[in-house]
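For the record, in the sequence shown the residue sitting at position 12 is 11 according to numbering that gives the first Met the number 0, with numbers rising by one throughout.
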Amino acid sequence: MHRTARASTLLITLSSALALALPARAGAEDTEPAVVVNGTFAAPAVPDGRPWAYLAVEGWDGPGLASAGRAAHPRGYQAAFLAAPDSERPLATRLRAVRAGATVTLSWDDNPDTCAGRGVPRRTYTVSVAGSANPPGAFATNEPNGRANWFLGRTYSFTAAEDSPRVTFSFDAANPSPGCQPFISNVTAKQTAPPPGGADPCAGDAAGTSACTSLGTAQDQIAACPATGRDCLAGVAGDGKQTTDGIAGQSGAVQDFAGLPRDQDPASAAAGLCPLSSALTDGVPPENLVIPPSRWGAC
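Here it is in structure tokens:
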């Protein structure tokens, strides 16, 4: 349950740094938007008169929401509170329209909440995403003072190891009074998409496979042929017989189609259809036919 009582004086001291997050990549500047569903936690709305509610947060996994009044965000947003350290459902979401290999800069605001009074160390939490090249980012809120104390514009940068990477915010177990969870809101993201096309199929360990080895040998042989050496190239790459036969077959089909008559006598056309209609109605009593055979014209 989210605590409302003032936290007691704590013996544990933390760093006075505002955040312990890893620095952004040198020279990186992600500018294209990435989709963060319900980044201001507007849905669903916390019921009137309640400071928070344990609700399913649209687009997120997590414990619940703080009302706009309790969150007291400068822009009037609702907020999500982080899960207790032993929770099986930390606050998490997937960033849509982000492909593996994209570089991403995530940003958000955090608040220690009013339940953390003066003298309580900054509330620490981590942000994590899949990928061995993406160590978790460690963060600490502003100094608790018994009222809203938002920090605007935290950032965490990473390289997506999967499509639609899952980002998780976890309240640290080392925090005293873990029932008093901090809030986050105004989550946004920007990205630099990976280059088009897939990875080289013969890169890395695949370079030694038979397919890639044969390809490399053929490339060397082709490179050794003179530019006008048709016979030399045919000896390596083949004479293209399959492609030539396919083109010839298509040409024949086009010619056959062009030779079909476009005008035909109606009586002849009807005569050609009569065996089909007879086969379909063979054995069907006349009383079961919507149109009797006597009115079928040529048939």
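Backbone N, C-alpha and C define an ideal beta-carbon position, used for all residues, glycine too. No experiment lies behind these values; they were computed from the predicted model shown.
- [ ] For SER127, count neighbouring Cβ atoms within 10 angstroms of its own Cβ and tell me buried if that reaches 16, exposed if not.
- [x] buried
Open item on the list: With a threshold of 8 Å, are at least 3 pairs of Cβ atoms found where one atom belongs to the stretch 86-103 and the other to the stretch 132-144?
Closed with: no
Task: Euclidean distance between Cα positions of ASP162 and ASN141 - done: 33 Å
Task: Integer Cβ distance of ARG165 from ALA132, believed to fall under 8 Å - done: Actually they are not in contact, since the Cβ atoms of ARG165 and ALA132 sit about 16 Å apart, beyond 8 Å.
Task: Contacts around ALA71, its chain only, beta-carbon distance under 7 Å, and the 5 residues preceding and following it disregarded - done: ALA147
- [ ] Determine the burial state of TYR76: buried for a count of at least 16 other Cβ atoms within 10 Å of its Cβ, exposed for fewer.
- [x] buried
- [ ] Express the C-alpha separation of ASP108 and PRO89 in angstroms, rounding to a whole number.
- [x] 17 Å
Task: Same chain, Cβ closer than 8 Å to PRO73, five either side skipped, listed in chain order - done: TRP149, LEU151
- [ ] Starting from the C-beta of ALA33, find all residues in its chain whose C-beta is less than 7 Å away, skip the five residues before and the five after it, and write them out in chain order.
- [x] LEU94, ALA96, VAL97, VAL103, ALA188, LYS189, GLN190
Task: N- and C-terminal bounds of the beta strand (DSSP E) containing GLY116 - done: Taken as a continuous stretch (DSSP letters only), GLY116 belongs to no beta strand (DSSP E), as it is neither H nor E.
Task: ALA129 - DSSP class collapsed to helix/strand/coil - done: coil
Task: Whole beta strand (DSSP E) elements within the stretch 121-171, 3-residue minimum - done: 123-128, 136-139, 150-158, 165-170
Open item on the list: Just to confirm the assignment, what range does the alpha helix (DSSP H) spanning SER69 have?
Closed with: Just to set this straight, residue 69 is Arg in the shown sequence, not Ser. Here the alpha helix (DSSP H) through ARG69 covers 67-70.
Open item on the list: In this structure, how does DSSP classify ALA223 when only helix, strand and coil are distinguished?
Closed with: helix
TODO: State the Cα-Cα distance for the pair ASN185 and PHE40, rounded to the nearest angstrom.
DONE: 8 Å
TODO: Could you check the C-alpha separation between ARG117 and ALA55 for me, to the nearest Å?
DONE: 31 Å
Open item on the list: Taking 8 Å as the threshold (C-beta atoms), are PRO84 and PHE182 in contact?
Closed with: no
Task: Inter-residue spacing [alpha-carbon to alpha-carbon] between TRP59 and THR92 - done: 5 Å
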